[in-house]
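First up is the structure itself, then whatever we jot down about it.
Number of protein chains: 2
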Amino acid sequence: MPKDADPRECSVADTLDLVGERWSLLVIRELSYGVRRFDRIVRNTGASRDILASRLRKLEANGIIRRERYSDHPARYEYHLTPAGAELCDVLLVLMRWGDRHLHPDDPPVRWQHSCGEPVSPVVVCRHCGGEARVGAHSPTGRGARTS
Amino acid sequence: MPKDADPRECSVADTLDLVGERWSLLVIRELSYGVRRFDRIVRNTGASRDILASRLRKLEANGIIRRERYSDHPARYEYHLTPAGAELCDVLLVLMRWGDRHLHPDDPPVRWQHSCGEPVSPVVVCRHCGGEARVGAHSPTGRGARTS
DNA sequence: AGGGTGGGTTGTGTTTTCCAACTCAGTGGC
DNA sequence: GCCACTGAGTTGGAAAACACAACCCACCCT
Numbered sequence: 001m002p003k004d005a006d007p008r009e010c011s012v013a014d015t016l017d018l019v020g021e022r023w024s025l026l027v028i029r030e031l032s033y034g035v036r037r038f039d040r041i042v043r044n045t046g047a048s049r050d051i052l053a054s055r056l057r058k059l060e061a062n063g064i065i066r067r068e069r070y071s072d073h074p075a076r077y078e079y080h081l082t083p084a085g086a087e088l089c090d091v092l093l094v095l096m097r098w099g100d101r102h103l104h105p106d107d108p109p110v111r112w113q114h115s116c117g118e119p120v121s122p123v124v125v126c127r128h129c130g131g132e133a134r135v136g137a138h139s140p141t142g143r144g145a146r147t148s
Numbered sequence: 001m002p003k004d005a006d007p008r009e010c011s012v013a014d015t016l017d018l019v020g021e022r023w024s025l026l027v028i029r030e031l032s033y034g035v036r037r038f039d040r041i042v043r044n045t046g047a048s049r050d051i052l053a054s055r056l057r058k059l060e061a062n063g064i065i066r067r068e069r070y071s072d073h074p075a076r077y078e079y080h081l082t083p084a085g086a087e088l089c090d091v092l093l094v095l096m097r098w099g100d101r102h103l104h105p106d107d108p109p110v111r112w113q114h115s116c117g118e119p120v121s122p123v124v125v126c127r128h129c130g131g132e133a134r135v136g137a138h139s140p141t142g143r144g145a146r147t148s
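The listed protein sequences derive, respectively, from chains G and D. Residue numbers for the first sequence follow the working numbering, beginning at 1 and rising by one. Residue numbers for the second sequence follow the working numbering, beginning at 1 and rising by one.
Shown next, in the form of structure tokens:
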């Protein structure tokens, strides 16, 4: 951190401290697809095995994933999302939507079917009024709200 | 990339290639707060100056931010979100909500006031039916949809 | 006995990132 | 004129993160 830094207090930054390193969100993506085993996660993400091992440890330490033994002798584990981890799927969905729109406008690599029968097309809305929400639409308040 | 890797085709991964490096999303956060100048972004994010310079170049090259000269002699620039960049604010909002819930349950560092008068509390919904959307609720289809 | 799978760890490089210090062209004070 | 300050970077050297093949161990199958 440079000496002249005075970082904004911010939940975005704090969340990224937990899941913002390379591969972490892709691990969560794999778990959300139902892929639970080390080797499969390596194959599907492209992360190297040592880094993946360390990411899994960190995510587990922070209560985002849970390790479950499915065999003793030899010890074998599967990884699952905790409820807190599952809430991060929102983030994936919004990232996916941006990439679908801006990087694959004609053929999204994956579609999720929503319970309404349509492919999911996620929007972020205000839970109070249902209107679209966007950072910057109005002014922020609170400890981290400085605008310069 | 390990030899046995066969990474999933995925818009999440492709989006993270553009904005997933450390500091990139915090740069976008600062621009969304109306902070536009190099030194202020350094101060508010805590990124080092060289890394910030390289992130700004990359984001500009990918059409997420735009550089605008506000002084000649000496040349001085401000940074702005492009429309594509502004759409990434959704991601920030969802990350912020997760951090507010799980890391600052009692006192969120920042609140955004929505046009309805309430503080914004973002939810991700399906644009077709308005119901809550979540990855994993139903099965994926498409080129990147394998579940093992 | 030989090969394959699962879940890692180790050793050894390569690449990023960090941070202070420096630059260069103005601006404001006195 | 002289000094300090600001803005927007760039540079050099050290530290941290990352990559990748190779190894390990214990089962399982044939």
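Beta carbons are placed, not taken as given, at the ideal position from N, Cα and C, and that holds for glycine. These numbers come from a predicted model, not from an experiment.
- In the three-state reduction of the DSSP assignment, I65/G falls in the strand class.
- For C89/G, the uninterrupted alpha helix (DSSP H) run begins and ends at C89 to H102, by DSSP.
- DSSP, read as helix, strand or coil, puts E30/D in helix.
- Neighbours of T45/G in chain D, taken as residues whose beta carbon is under 9 Å from its own, are A5, P7, R8 and A13 in chain order.
- Not a single CB atom of chain D sits nearer than 7 Å to the CB of R55/G.
- A residue is called buried when at least 16 other Cβ atoms come within 10 angstroms of its Cβ; T147/D does not meet this threshold and is exposed.
- In the three-state DSSP reduction, V124/G falls in the strand class (E or B).
- With respect to C126/D, V125/G sits apart: the two C-beta atoms are not nearer than 7 Å.
- Nearest C-alpha to L103/D among Q113/G, L26/G and L16/G: L16/G.
- Under a criterion of Cβ atoms nearer than 7 Å, the residues of chain D adjacent to V94/G are, in order, D90, V91, V94 and V124.
- Among the residues of chain D, those whose CB is under 8 Å from the CB of L25/G are V12, L16 and G20, following chain order.
- Sixteen is the threshold: when 16 or more other Cβ atoms of the shown chains lie within 10 Å of the Cβ of P122/G, as they do, the residue is buried.
- Within the same chain, and ignoring the five residues on either side of R76/G in sequence, the residues whose Cβ sits closer than 6 Å to its Cβ are Y70.
- For the pair R143/D and E9/D, the CB atoms are nearer than the 7 Å cut-off.
- In the structure shown, T147/G falls within a coil segment according to DSSP collapsed to helix, strand and coil.
- Within 10 angstroms of the beta-carbon of S11/D lie 16 or more other beta-carbons, which makes it buried.
- Assignment of P83/G by DSSP, reduced to helix, strand and coil, places it in the helix class.
- Taking the C-beta atoms as reference points, L52/G is found nearer than 7 Å to V42/G.
- For the C-beta of R143/D, the chain G residues within less than 7 Å are, from N- to C-terminus, P109.
- Against chain D, the CB of H138/G has a partner CB under 7 Å away; the residue lies at that interface.
- Taking a Cβ-Cβ threshold of 7 Å, the residues of chain G close to A133/D are L93, H114, V120 and P122, in chain order.
- The beta carbon of C116/G sits closer than 7 Å to no other beta carbon from its chain once the five residues preceding and following it are set aside.
- When 7 Å is used as the limit between beta carbons, P2/D is near these residues of chain G: V42, S48 and R49, in chain order.
- By a beta-carbon distance limit of 8 Å, V19/D contacts L88/D. Their separation comes to about 6 Å.
- Between G99/G and chain D, the shortest Cβ-Cβ separation is below 7 Å.
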